[in-house]
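Enquirer: Take -19 as the starting number for the sequence shown in our numbering and just add one per residue. We put the CB at the ideal spot given by N, CA and C, even for glycine. First, the structure itself, so that you have it in front of you.
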Amino acid sequence: MAILPGVPRRVDSEIKVGKSAPAWMLTYSDLMTQLLIFFVMMFALASAMNEMQLVKLKKKLEVYVTENRLEDYIGLKIDEKGLVISLREKLMFDSGKAEIHQEAKYILKDITKEITDVPNNTRIEGHTDNVPIGPELRSKFPTNWELSTARATNVTRYVLEALNFPPKRISSAGYGEYQPVVENDTEEHRAMNRRVDIVVQRIGTSLKRREGVKKIF
């Protein structure tokens, strides 16, 4: 073929194609994908089953609270943390003190028996209102942090030592006045904030340390 003057000569470009991946690598990739899907499904199934366990546990405790006329002393709810069992101060302690009432120990025994049957971790939280500690008690509890911590500690030790709750599944903390359930604007509301919460945590989640917390265990 003649080449005309002024016309650049065309050079056929050669397209190089890399080697395809080995068959075993494709099979391995498919296997990893299927395993990932399997574990995601298993986690979702476990979460759903545990949610059902928490709902069932809440219903059992609701029956217990009703039968024993404890509606004014014990609150129950399921939230993002798990099942929260709120034990009001008037059930558990004298004002400004951390020693557990003898009657409350019987109730703790009944509650602990139920929550031991589920595999979830449990967190004991101490809470107070925002009224400062009186001068007569400041030598023992300088602030509400110390009071809430002492109450949570005593409940935790009783559950561990007297009721044989598995120690690897329990933790405890004092939150002072910093996690109220309602505003501290009336005496009734302040009474609701003075409490110890037994939190049966959701599986796969942990309770993050929040503002004002003093961790014990």
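1. Could you tell me which residues DSSP pairs with ILE104 in its beta bridges?
2. What residue range does the beta strand (DSSP E) around LYS61 cover?
3. DSSP has ILE54 in a bridge; who is on the other side?
4. What span of residues does the alpha helix (DSSP H) with HIS169 cover, start to end?
5. From ALA132 to VAL139, what does the alpha carbon distance come to, in whole angstroms?
6. Taking a contact to mean a Cβ-Cβ separation below 8 Å, would you say LEU67 touches VAL176 in this structure?
7. Go to LYS89, then tell me how far its alpha helix (DSSP H) extends in each direction, as first and last residue.
8. With DSSP collapsed to three states, give me the class of ARG118.
9. Quick one: is SER152 buried, meaning 16 or more other Cβ sit within 10 Å of its Cβ, or exposed?
10. Following the continuous alpha helix (DSSP H) through ASN124, name the residue where it begins and the one where it ends.
11. Is MET32 buried or exposed, if buried means 16 or more other CB atoms sit within 10 Å of its CB?
12. Identify which residue in LYS61, THR7, GLY76, LYS57 has its Cα closest to the Cα of ARG174.
13. With a cut-off of 8 Å, do at least 3 Cβ pairs link the stretch 159 to 174 to the stretch 93 to 101?
14. May I have the straight-line CA-CA distance separating LEU25 from ILE183, to the nearest angstrom?
15. Could you have a look at ALA142 and say whether DSSP puts it in helix, strand or coil?
16. Skipping 5 residues on each side, what residues in its chain have a beta carbon closer than 6 Å to that of LEU202?
17. List the whole-angstrom C-beta distance separating ILE104 from ILE150, where the pair is believed to meet the contact cut-off of C-beta under 8 Å.
18. What residues in its chain sit with their C-beta under 8 Å from that of ASN164, if we drop five residues either side in the sequence?
Expert: Taking the definition as stated:
1. Looking up residue 104 in the sequence shown gives position 124. In the DSSP output, where bridge partners are listed per residue, ILE104 has SER152, ILE178.
2. Reading the sequence shown from its first residue, position 81 is the one you call residue 61. Taken as a continuous stretch (DSSP letters only), LYS61 belongs to no beta strand (DSSP E), as it is neither H nor E.
3. By 1-based counting over the sequence shown, the position of residue 54 is 74. LEU67, per the DSSP bridge assignment.
4. One-based indexing of the sequence shown puts residue 169 at position 189. 167 to 173 is the span of the alpha helix (DSSP H), which, as asked, contains HIS169.
5. The residue given as residue 132 occupies position 152 in the sequence shown. The residue given as residue 139 occupies position 159 in the sequence shown. The straight-line gap from Cα to Cα measures roughly 11 Å.
6. Here residue 67 is taken as the residue at index 87 of the sequence shown, counted from 1. Here residue 176 is taken as the residue at index 196 of the sequence shown, counted from 1. In this structure, VAL176 lies closer than 8 Å to LEU67 by Cβ.
7. Reading the sequence shown from its first residue, position 109 is the one you call residue 89. 82 to 95 is the span of the alpha helix (DSSP H), which, as asked, contains LYS89.
8. In the sequence shown, residue 118 corresponds to position 138, counting from 1. It is coil, neither helix nor strand.
9. By 1-based counting over the sequence shown, the position of residue 152 is 172. Buried.
10. By one-based count along the sequence shown, residue 124 stands at place 144. It spans 124 to 137 - the alpha helix (DSSP H) in which ASN124 sits, taken as one unbroken run.
11. Reading the sequence shown from its first residue, position 52 is the one you call residue 32. Classification of MET32: exposed, given that the 10 Å Cβ count is below 16.
12. By 1-based counting over the sequence shown, the position of residue 174 is 194. Out of LYS61, THR7, GLY76, LYS57, GLY76 has the C-alpha closest to the C-alpha of ARG174.
13. no
14. Working through the sequence shown from its first residue, we reach residue 25 at position 45. Working through the sequence shown from its first residue, we reach residue 183 at position 203. Because the pLDDT at LEU25 is just 48, under 50, the model does not fix this residue reliably, and the value given afterwards should be weighed accordingly. C-alpha separation (whole angstroms): 12 Å.
15. The count along the sequence shown starts at 1 and reaches residue 142 at position 162. In the structure shown, ALA142 sits in a helix (DSSP, three-state: H, G or I).
16. With the chain represented from -19 up to 197, any question about residue 202 goes unanswered, as that position is not in the structure.
17. By one-based count along the sequence shown, residue 104 stands at place 124. By one-based count along the sequence shown, residue 150 stands at place 170. Going by Cβ atoms, the distance from ILE104 to ILE150 rounds to 7 Å, so yes, they are a contact pair.
18. Walking along the sequence shown from the start, residue 164 turns up at place 184. Around ASN164: ASP109, ASN110, VAL111, GLU157, ARG170, ASN173.
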